[in-house]
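This note's numbering puts the sequence shown at residues 92 to 379. First comes the structure, then the notes that go with it.
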Amino acid sequence: MVQRIDVTGFDGLRLAAWEFADPPKEPAGAGSTTPGVLLLHGLMGRASHWKSTARWLSGRHRAVALDQRGHGRSDKPSTAAYTREAYVSDAEAVIEQLGLAPVTLVGHAMGALTAWQLAAKRPDLVGALIISDMRASALGAASQREWDDWFRSWPVPFATLADVRKWFAEDDPWLERPSPGRGEFFAEVMAERADGWRPVFSRRQMLVSRETWVHDAHWEELAQVRCPTLVVRGLDGELGRAEAQEMVRVLPRGQYAEVTDAGHLVHYDQPEAWRAAIEPFLDGALTP
Numbered sequence: 092m093v094q095r096i097d098v099t100g101f102d103g104l105r106l107a108a109w110e111f112a113d114p115p116k117e118p119a120g121a122g123s124t125t126p127g128v129l130l131l132h133g134l135m136g137r138a139s140h141w142k143s144t145a146r147w148l149s150g151r152h153r154a155v156a157l158d159q160r161g162h163g164r165s166d167k168p169s170t171a172a173y174t175r176e177a178y179v180s181d182a183e184a185v186i187e188q189l190g191l192a193p194v195t196l197v198g199h200a201m202g203a204l205t206a207w208q209l210a211a212k213r214p215d216l217v218g219a220l221i222i223s224d225m226r227a228s229a230l231g232a233a234s235q236r237e238w239d240d241w242f243r244s245w246p247v248p249f250a251t252l253a254d255v256r257k258w259f260a261e262d263d264p265w266l267e268r269p270s271p272g273r274g275e276f277f278a279e280v281m282a283e284r285a286d287g288w289r290p291v292f293s294r295r296q297m298l299v300s301r302e303t304w305v306h307d308a309h310w311e312e313l314a315q316v317r318c319p320t321l322v323v324r325g326l327d328g329e330l331g332r333a334e335a336q337e338m339v340r341v342l343p344r345g346q347y348a349e350v351t352d353a354g355h356l357v358h359y360d361q362p363e364a365w366r367a368a369i370e371p372f373l374d375g376a377l378t379p
């Protein structure tokens, strides 16, 4: 069962959170024996990308996935703040409103950056952290220009959902080899309009959001994370092994895992191997 919960962002923006449980569990927090987990998707993602992970997590946790501002079913006003501070403050507000603390944060890409920035800001709210395929180093202006060019290359609108899957899994010039999981990932963020299939997000807003982190390194905040933290990378992902291991070294309580035959979308490419990589860490995090 998936239950939608409307929550309020730090500035009043309406956000959609999704709880995976049957039946729904009692709120975490004081007096609760159910540990809370908040799952944070990456740029262009949505909460439903976590459904496989959230369903098995819900056996022992109160598992909640958030559509972050500008994504999924959450509000996407052009006038809203799409800053690092906004994303972090939204996650902070959701944890407090839903009584999830001390929460385990599981973040992918941009969501992982949000997670470790929140863990550094509010250590009282965060009991453990999983970082999936997000770099701590600066990516630079060239990277942002490449993304702008990539967005412009999308053949939008797509005539059918099958065309979406094929383009992102096979025809996208950014691809080094076919990736069915990538096709499914992008099919889930498309909606049918009068003229065909288009993304549920604004590509311009995605660039605005990305602009706020690509020019800076984030090692200092990473070093401020005091809770147990697992850094996970896909063997063919965007986070290289040397940088991932340096992140583990910088983290006061860092651990490392990698998933073979997986790219950037680790939990989508290899869901069973992803579970095998993170479950021992979660078991340890639940042990007093």
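In this text, a Cβ means the ideal position worked out from N, Cα and C, and glycines have one as well.
Between Asp181 and Phe292, the C-beta gap is not smaller than 9 Å, which leaves the two residues out of contact. Buried is the label assigned to Gly354, since at least 16 other Cβ atoms lie within 10 Å of its Cβ. Per DSSP, reduced to three states, the secondary structure at Glu302 is helical.
Note: Arg289 is bridge-paired with Ala282 in the DSSP secondary-structure output.
Taking all protein chains in view, the Cβ of His306 is surrounded by fewer than 16 other Cβ atoms within 10 Å, so the residue is classified as exposed.
Here DSSP, grouped into helix, strand and coil, assigns Leu209 to helix. Distance from Arg95 to Glu279 at the Cβ level is roughly 16 Å; contact not present, criterion being Cβ atoms closer than 8 Å. Rounded to whole angstroms, Arg284 and Val255 show a C-alpha spacing of 14 Å. The shortest CA-to-CA distance from Arg344 to any of Leu196, Gly274, Ala314 is the one to Ala314. Taken through DSSP and simplified to helix, strand or coil, Glu110 comes out as strand. Shown here for Trp265: same chain residues with a beta carbon closer than 8 Å to its own, the five before and five after excluded, namely Trp241 in chain order.
Between Gly127 and Thr195, the gap from beta carbon to beta carbon is short of 9 Å.
Of all C-beta pairs linking the segment 207-214 to the segment 165-185, three or more are shorter than 8 Å, placing the two stretches in contact.
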